[in-house]
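A.B. asks: Before we start, here is the structure in question, set down as structure tokens.
Protein chains: 2
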Amino acid sequence: MAPKISPLAPGDFPWMPAIPGVRLATTNCGIRYKGRDDLMVALLDPGTTVAGVVTRSLTASAPVHWCKKHLPGGSARAIVVNSGNSNAFTGKAGEAFVQATVEAAAKLAGCEAGEVFVASTGVIGQPIPTDAIASNLPGLSNAFDADGWFPAAKAIMTTDTFAKGSTRTARIGDTTVTINGFAKGSGMIAPDMATMLGFVFTDAAIAAPVLQKLLSDASEKSFNRITVDGDTSTSDTVLVCATGKAGNKPITKAGDKHLADFRTALEEVLIDLARQIVQDGEGATKFVTIRVEGAASDKAAKRIALTIANSPLVKTAVAGEDANWGRIVMAVGKAGEKADRDKLRISAGGVLIAADGMEVPGYDETPVVAHMKGQYIDFLVELGIGEGAATVWTCDLTHGYIDINGSYRS
Amino acid sequence: MAPKISPLAPGDFPWMPAIPGVRLATTNCGIRYKGRDDLMVALLDPGTTVAGVVTRSLTASAPVHWCKKHLPGGSARAIVVNSGNSNAFTGKAGEAFVQATVEAAAKLAGCEAGEVFVASTGVIGQPIPTDAIASNLPGLSNAFDADGWFPAAKAIMTTDTFAKGSTRTARIGDTTVTINGFAKGSGMIAPDMATMLGFVFTDAAIAAPVLQKLLSDASEKSFNRITVDGDTSTSDTVLVCATGKAGNKPITKAGDKHLADFRTALEEVLIDLARQIVQDGEGATKFVTIRVEGAASDKAAKRIALTIANSPLVKTAVAGEDANWGRIVMAVGKAGEKADRDKLRISAGGVLIAADGMEVPGYDETPVVAHMKGQYIDFLVELGIGEGAATVWTCDLTHGYIDINGSYRS
Numbered sequence: 001m002a003p004k005i006s007p008l009a010p011g012d013f014p015w016m017p018a019i020p021g022v023r024l025a026t027t028n029c030g031i032r033y034k035g036r037d038d039l040m041v042a043l044l045d046p047g048t049t050v051a052g053v054v055t056r057s058l059t060a061s062a063p064v065h066w067c068k069k070h071l072p073g074g075s076a077r078a079i080v081v082n083s084g085n086s087n088a089f090t091g092k093a094g095e096a097f098v099q100a101t102v103e104a105a106a107k108l109a110g111c112e113a114g115e116v117f118v119a120s121t122g123v124i125g126q127p128i129p130t131d132a133i134a135s136n137l138p139g140l141s142n143a144f145d146a147d148g149w150f151p152a153a154k155a156i157m158t159t160d161t162f163a164k165g166s167t168r169t170a171r172i173g174d175t176t177v178t179i180n181g182f183a184k185g186s187g188m189i190a191p192d193m194a195t196m197l198g199f200v201f202t203d204a205a206i207a208a209p210v211l212q213k214l215l216s217d218a219s220e221k222s223f224n225r226i227t228v229d230g231d232t233s234t235s236d237t238v239l240v241c242a243t244g245k246a247g248n249k250p251i252t253k254a255g256d257k258h259l260a261d262f263r264t265a266l267e268e269v270l271i272d273l274a275r276q277i278v279q280d281g282e283g284a285t286k287f288v289t290i291r292v293e294g295a296a297s298d299k300a301a302k303r304i305a306l307t308i309a310n311s312p313l314v315k316t317a318v319a320g321e322d323a324n325w326g327r328i329v330m331a332v333g334k335a336g337e338k339a340d341r342d343k344l345r346i347s348a349g350g351v352l353i354a355a356d357g358m359e360v361p362g363y364d365e366t367p368v369v370a371h372m373k374g375q376y377i378d379f380l381v382e383l384g385i386g387e388g389a390a391t392v393w394t395c396d397l398t399h400g401y402i403d404i405n406g407s408y409r410s
Numbered sequence: 001m002a003p004k005i006s007p008l009a010p011g012d013f014p015w016m017p018a019i020p021g022v023r024l025a026t027t028n029c030g031i032r033y034k035g036r037d038d039l040m041v042a043l044l045d046p047g048t049t050v051a052g053v054v055t056r057s058l059t060a061s062a063p064v065h066w067c068k069k070h071l072p073g074g075s076a077r078a079i080v081v082n083s084g085n086s087n088a089f090t091g092k093a094g095e096a097f098v099q100a101t102v103e104a105a106a107k108l109a110g111c112e113a114g115e116v117f118v119a120s121t122g123v124i125g126q127p128i129p130t131d132a133i134a135s136n137l138p139g140l141s142n143a144f145d146a147d148g149w150f151p152a153a154k155a156i157m158t159t160d161t162f163a164k165g166s167t168r169t170a171r172i173g174d175t176t177v178t179i180n181g182f183a184k185g186s187g188m189i190a191p192d193m194a195t196m197l198g199f200v201f202t203d204a205a206i207a208a209p210v211l212q213k214l215l216s217d218a219s220e221k222s223f224n225r226i227t228v229d230g231d232t233s234t235s236d237t238v239l240v241c242a243t244g245k246a247g248n249k250p251i252t253k254a255g256d257k258h259l260a261d262f263r264t265a266l267e268e269v270l271i272d273l274a275r276q277i278v279q280d281g282e283g284a285t286k287f288v289t290i291r292v293e294g295a296a297s298d299k300a301a302k303r304i305a306l307t308i309a310n311s312p313l314v315k316t317a318v319a320g321e322d323a324n325w326g327r328i329v330m331a332v333g334k335a336g337e338k339a340d341r342d343k344l345r346i347s348a349g350g351v352l353i354a355a356d357g358m359e360v361p362g363y364d365e366t367p368v369v370a371h372m373k374g375q376y377i378d379f380l381v382e383l384g385i386g387e388g389a390a391t392v393w394t395c396d397l398t399h400g401y402i403d404i405n406g407s408y409r410s
């Protein structure tokens, strides 16, 4: 049965221009899926810098370990990603698979193995034949295409119901640069079949340490602000590659004032991709924006917002179109950050529901009920304590989630 | 529609003997429910000591605030509990309701207001008429009964599908003492309609500070080891009252060697009640025991066990009868405690599934599949790092949970 496309899916995959120095190819290498591509390879011209953020999981996959080891090198010539098997908890066999893959990709790209980056997404704990990817790489040599963004985004999907892409341009000095990204993810993690992966490419010339700072900051405002089920993948990986072909004066300092527009555009691409992952949340029927203001710090605001966003009771209430603000009070109370019952204000869809330690006198639920029936739900939680603020995105918890994750693997 | 009784419910409510110095009464005071009692009052003879543990929520209810304020007094003469409304986030009106209730109960019991303890469970944020309980208390004066345990346990139920009680005897020196407890709770919290409350009574003579130490220790091994959905109530309250009528030499020191048997019996009562709460977990069809061994510390073991127990992906896999050990690897990885992929061992139903960083060679899933089809599921996670161990109990996450919590309040 083909999966139904999420009711929250945006329109078509965006048109994305070529990025000089980036070529893409996909194929089926038979790891799990039949009748669709499950391998994506990006080739990058010499001189491409790279930055990455990976899962904090202590049981991270072999590909994650490889990326962590080689990201400090700062140079990338190839990215190899497969779907259908995460190569996590696969022991020495998993490490041998990574080694065989990067060696074959290095030969294809004409580079060092340490300039190849890998990511895998899918079932945990199932060994992959060592040469499953390596044996397929030589045959790809004529398949690379500067316009292959949509097939690339599709090849890395697992339980995703739509391909996720985003593109922006930015000015660095007098030069226009392009940023293209694609991502996959459906449960924040569903380790059987999903994980969050993101790959971003730009023709800007930016030194690797600067790119790393930009990515770390932007991830904090995007991928680290979404949750579907609060679970953490063993494979989460986001890579940004900068080919330098746009011809801007190379940026070597994170504080360079010419970076302002690029920083904003990168943030926009990452937030767009992050929101699309939530829009494809397993079983999601509603997209929920949780804004927390007036917390003791931004960090406290984020923790409170994520506690609300991860509460099964809040998420099931949204699924039931119930503006059950008592559950938000509960979540604020359990977040462990400073809160004062009598200063807390809770609004939904712009309507103040509770303040001064109780329901607002004469509260009329009618507009809130109407808001809860929509697809995009907004909660505002004001703590009245400090200046800390954060926005987090999540989806509702529905029967669909149980169906997807409660069914047997095979 | 009357709720179906949980498939995990134990047999009948246990027979519980009278505890000298404790009398119970119940009635309907019309706060929410019709056709059933929603108020439980316990009267305690002079000289009764009390200890309590309450929610750590920072948005705790007015009754919780009252208990926290008066528990240090160490003396209890009455406990008043209502179901149907939690009196949480009800502002000054909620405080006035507590004040009116404790004053009326103090008059009934012939004691100080500070010797009356209160708990409320049910909807958050709905004011209760100030005298809803107070006006009903005088009429109860002839209704108290030393054998009213089952009606008492029923009167405090909300979404619970069965009444929860437990009884044990213990020896203190040459004296046999009795411990009776009853509890309610169905979601670890479903703040609409549920919360975890527990009331325990003994005829032992134990000073309040000693009782507090015993309760805190035993709660850590019982109520703090269960989770249904990881949410935390604004109202959770457990009280233990000791009437001293058994005639044992009063215990005034926590280190008293005569306490060993009582400590064990109290732990057993609390664990029994805690397990019954999980057995009545909203939508639960399977009872899951998660044992973590070999962690860096007991605290680390508990955190890892709770992370596994709270993972929606683990819980939906159990619902789907899928021994999806990859999701346990994922949960161990996200717990944030020390773990080593290559030392981790995972077993289900006594069968070792994964070790040495991968699935056990030749792993035969047959006995594990059979185990997962049962009602009682056991996972053992061995970290191989230290001596820390902990056991946690939870239930599966099913469509029933979504049905119960996704339906509109009214």
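For the protein sequence lines, the chains are P and C, in the order given.
Under the UniProt record's numbering, residue 410 is the last one in the first sequence; the count climbs by one each step, no gaps.
Under the UniProt record's numbering, residue 410 is the last one in the second sequence; the count climbs by one each step, no gaps.
Every residue, glycine too, gets a C-beta built ideally from N, C-alpha and C.
Using three-state DSSP, classify N224(P) as helix, strand or coil.
C.D. replies: The sequence position of residue 224(P) within the first sequence is 224, counting from 1. Reduced to three states, the DSSP call for N224(P) is helix.
A.B. asks: Thinking L43(P) and F201(P) are a contact (beta carbons under 8 angstroms), I'd like their distance in whole angstroms, please.
C.D. replies: Numbered from its first residue, the first sequence carries residue 43(P) at position 43. Numbered from its first residue, the first sequence carries residue 201(P) at position 201. Incorrect: roughly 11 angstroms between the Cβ atoms, too far for contact.
A.B. asks: What's the gap between the Cα of T405(C) and the Cα of A317(C)?
C.D. replies: Numbered from its first residue, the second sequence carries residue 405(C) at position 405. Numbered from its first residue, the second sequence carries residue 317(C) at position 317. What sits at residue 405(C) in the sequence shown is Asn, not Thr. Approximately 20 angstroms between the Cα atoms of the pair.
A.B. asks: Please state whether DSSP places R275(C) in a helix, a strand or coil.
C.D. replies: For the purposes of this step, residue 275(C) is taken as residue 275 along the second sequence, with counting starting at 1. Three-state result, R275(C): helix.
A.B. asks: Does the region 7-20 of chain C touch the region 131-142 of chain C, meaning 3 or more C-beta pairs lie closer than 8 angstroms?
C.D. replies: Contact fails: fewer than three Cβ-Cβ distances are below 8 angstroms.
A.B. asks: Under a three-way DSSP split, which group does R168(C) fall into?
C.D. replies: Sequence index remark: in the second sequence, residue 168(C) carries index 168 (1-based). In this structure, R168(C) counts as strand in the three-state DSSP scheme.
A.B. asks: Consult DSSP for A119(C) and reduce its assignment to one of helix, strand or coil.
C.D. replies: Residue 119(C) sits at position 119 when you count from the first residue of the second sequence. Note: A119(C) maps to strand in three-state DSSP.
A.B. asks: Contact defined as beta carbons within less than 8 angstroms: I believe V269(P) pairs with S166(P). What is the distance between those atoms, to the nearest angstrom?
C.D. replies: Within the first sequence, numbered from 1, the residue matching residue 269(P) stands at position 269. Within the first sequence, numbered from 1, the residue matching residue 166(P) stands at position 166. Between S166(P) and V269(P) the Cβ distance is about 5 angstroms, and since that is below 8 angstroms, they are a contact.
A.B. asks: Based on the DSSP secondary-structure assignment, which residues constitute the bridge partners of I31(P)?
C.D. replies: Within the first sequence, numbered from 1, the residue matching residue 31(P) stands at position 31. Answer is none; I31(P) lacks a bridge partner.
A.B. asks: Distance cutoff 8 angstroms, beta carbons only. Does T394(P) sit that close to anything in chain C?
C.D. replies: Taking the first sequence and counting its residues from 1, the one referred to as residue 394(P) is at position 394. No - not a single Cβ of chain C is within 8 angstroms of the one on T394(P).
A.B. asks: Select from the region 318-344 of chain C all residues with a C-beta closer than 9 angstroms to any C-beta belonging to chain P, and list them in chain order.
C.D. replies: Residues V318, A319, G320, E321, D322, N324, W325, G326, R327, V329, M330, A331, V332, G333, K334, A335, G336, E337, K338, A339, D340, R341, D342 and L344.
A.B. asks: Going by beta-carbon coordinates alone, are G52(P) and L239(P) separated by less than 8 angstroms?
C.D. replies: For the purposes of this step, residue 52(P) is taken as the residue at position 52 of the first sequence. For the purposes of this step, residue 239(P) is taken as the residue at position 239 of the first sequence. It is a contact, given that the beta carbons lie within the stated cut-off.
A.B. asks: Whole angstroms is fine: what's the gap from K370(C)'s alpha carbon to Q126(P)'s?
C.D. replies: By one-based count along the second sequence, residue 370(C) stands at place 370. By one-based count along the first sequence, residue 126(P) stands at place 126. The question names Lys, yet the displayed sequence has Ala at residue 370(C). For A370(C) and Q126(P), the distance between alpha carbons rounds to 21 angstroms.
A.B. asks: Going by the CB atoms, is the gap between V118(C) and T101(C) shorter than 8 angstroms?
C.D. replies: Within the second sequence, numbered from 1, the residue matching residue 101(C) stands at position 101. Within the second sequence, numbered from 1, the residue matching residue 118(C) stands at position 118. Yes, Cβ-Cβ distance for T101(C) and V118(C) is below 8 angstroms.
A.B. asks: Return the chain-ordered ranges of every beta strand (DSSP E) run that is complete within the region 283-325 of chain P and spans a minimum of 3 residues.
C.D. replies: As far as the region 283-325 of chain P is concerned, its whole beta strand (DSSP E) runs of at least 3 residues are 287-295.
A.B. asks: Can you give me the start and stop residues for the alpha helix (DSSP H) that L108(P) sits inside?
C.D. replies: Locating residue 108(P) in the first sequence gives position 108, where the first residue counts as 1. Its alpha helix (DSSP H) spans residues G91 to A109.
A.B. asks: Using a Cβ cut-off of 8 angstroms (strictly closer), state whether M16(C) contacts chain P.
C.D. replies: On the second sequence, position 16 is the one that residue 16(C) refers to. Answer no: the Cβ-Cβ gap between M16(C) and chain P never drops below 8 angstroms.
A.B. asks: When DSSP builds the beta bridges, which residues end up paired with W393(C)?
C.D. replies: As a working note, residue 393(C) is residue 393 in the second sequence. According to DSSP, which records beta bridges pairwise, W393(C) is partnered with I226(C) and T289(C).
A.B. asks: Using 8 angstroms as the limit for Cβ to Cβ distance, is G294(P) near chain C?
C.D. replies: On the first sequence, position 294 is the one that residue 294(P) refers to. So no, G294(P) is outside the interface.
A.B. asks: Which residue marks the beginning of the alpha helix (DSSP H) containing K69(P), and which one marks its end?
C.D. replies: In the first sequence, counting from the first residue as 1, residue 69(P) sits at position 69. That run of the alpha helix (DSSP H) goes A62 to H70.
A.B. asks: Between I189(C) and chain P, is any beta-carbon pair separated by less than 8 angstroms?
C.D. replies: Translated into positions along the second sequence, residue 189(C) becomes position 189. Because I189(C) sits at a pLDDT of 44, beneath the cut-off of 50, its placement in the model cannot be relied upon, and the following sentence gives the value as read from the coordinates. Yes, contact with chain P.
A.B. asks: Pairing CB atoms from the region 110-117 of chain C with CB atoms from the region 173-183 of chain C, are three or more of them under 8 angstroms?
C.D. replies: With the cut-off at 8 angstroms, the region 110-117 of chain C and the region 173-183 of chain C do not touch.
A.B. asks: Restricting to Cα atoms, I'd like to know which of V351(C), I5(C), A62(C) and M372(C) is closest to Y363(C).
C.D. replies: Position 363 of the second sequence, counting from 1, holds the residue named residue 363(C). Looking at the Cα atoms, V351(C) is the closest of the given residues.
A.B. asks: With 16 other CB atoms within 10 Å as the buried threshold, where does E337(P) fall?
C.D. replies: Here residue 337(P) refers to the residue found at position 337 when the first sequence is read from its first residue. Counting Cβ neighbours within 10 Å, E337(P) comes out buried, since at least 16 surround it.
A.B. asks: Under the DSSP definition of a beta bridge, which residues are partnered with S75(P)?
C.D. replies: By one-based count along the first sequence, residue 75(P) stands at place 75. According to DSSP, S75(P) bridges with T49(P).
A.B. asks: Mind checking who D378(C) pairs with in its DSSP beta bridge?
C.D. replies: Reading the second sequence from its first residue, position 378 is the one you call residue 378(C). D378(C) is bridged to T289(C).
A.B. asks: Could you pull out every residue in the same chain whose Cβ sits closer than 6 angstroms to the Cβ of L313(P), ignoring the five residues on either side in sequence?
C.D. replies: For the purposes of this step, residue 313(P) is identified with residue 313 of the first sequence, where counting begins at 1. For L313(P), where only same-chain residues beyond five positions count, the Cβ hits under 6 angstroms are R327.
A.B. asks: Compare the C-alpha of A62(P) against each of G30(P), T49(P), A88(P) and R275(P) and name the closest.
C.D. replies: As a working note, residue 62(P) is residue 62 in the first sequence. A62(P) has its Cα closest to that of A88(P), out of G30(P), T49(P), A88(P) and R275(P).
A.B. asks: Quick one: measure Cβ to Cβ for I124(P) and M358(C), integer angstroms, because I've assumed they're closer than 8 angstroms.
C.D. replies: Here the question's residue 124(P) lines up with position 124 in the first sequence. Here the question's residue 358(C) lines up with position 358 in the second sequence. Incorrect: roughly 10 angstroms between the Cβ atoms, too far for contact.
A.B. asks: Write down the C-beta distance between E267(C) and A208(C) rounded to the nearest angstrom, noting that I regard them as a contact closer than 8 angstroms.
C.D. replies: Sequence index remark: in the second sequence, residue 267(C) carries index 267 (1-based). Sequence index remark: in the second sequence, residue 208(C) carries index 208 (1-based). Actually they do not touch by this definition, with Cβ atoms about 19 angstroms apart.
A.B. asks: Quick check: the Cα distance between I31(P) and K343(C), rounded to an integer number of angstroms?
C.D. replies: As a first step, residue 31(P) is located in the first sequence; it is residue number 31 there, counting from the start. As a first step, residue 343(C) is located in the second sequence; it is residue number 343 there, counting from the start. I31(P) and K343(C): Cα-Cα distance of roughly 27 angstroms.
A.B. asks: Rounded to the nearest angstrom, what separates A204(P) and A254(P) at their Cα positions?
C.D. replies: Position 204 of the first sequence, counted from the start, is the residue given in the question as residue 204(P). Position 254 of the first sequence, counted from the start, is the residue given in the question as residue 254(P). One C-alpha to the other measures close to 14 angstroms.
A.B. asks: Would you list, in chain order, the members of the region 343-365 of chain C that have their beta-carbon closer than 8 angstroms to a beta-carbon of chain P?
C.D. replies: So the close ones are L344, A354, D356, G357, M358 and E359.
A.B. asks: Report the three-state DSSP secondary structure of F144(P) (helix, strand or coil).
C.D. replies: What you label residue 144(P) is simply residue 144 of the first sequence in a count that begins at 1. Of the three classes helix, strand and coil, the one that applies to F144(P) here is coil, per DSSP.
A.B. asks: Leaving aside the five residues before and after A155(C) along the sequence, list all residues of the same chain whose C-beta is less than 7 angstroms from its C-beta, in chain order.
C.D. replies: As a first step, residue 155(C) must be located in the second sequence, where it is residue number 155. Only T26, D37, D38, L39, M40 and S83 meet the Cβ criterion.
A.B. asks: Does the region 296-304 of chain P come into contact with the region 376-388 of chain P, if we say contact requires no fewer than three beta-carbon pairs (one atom in each stretch) closer than 8 angstroms?
C.D. replies: The region 296-304 of chain P, when compared against the region 376-388 of chain P, does touch it at the 8 angstroms Cβ threshold.
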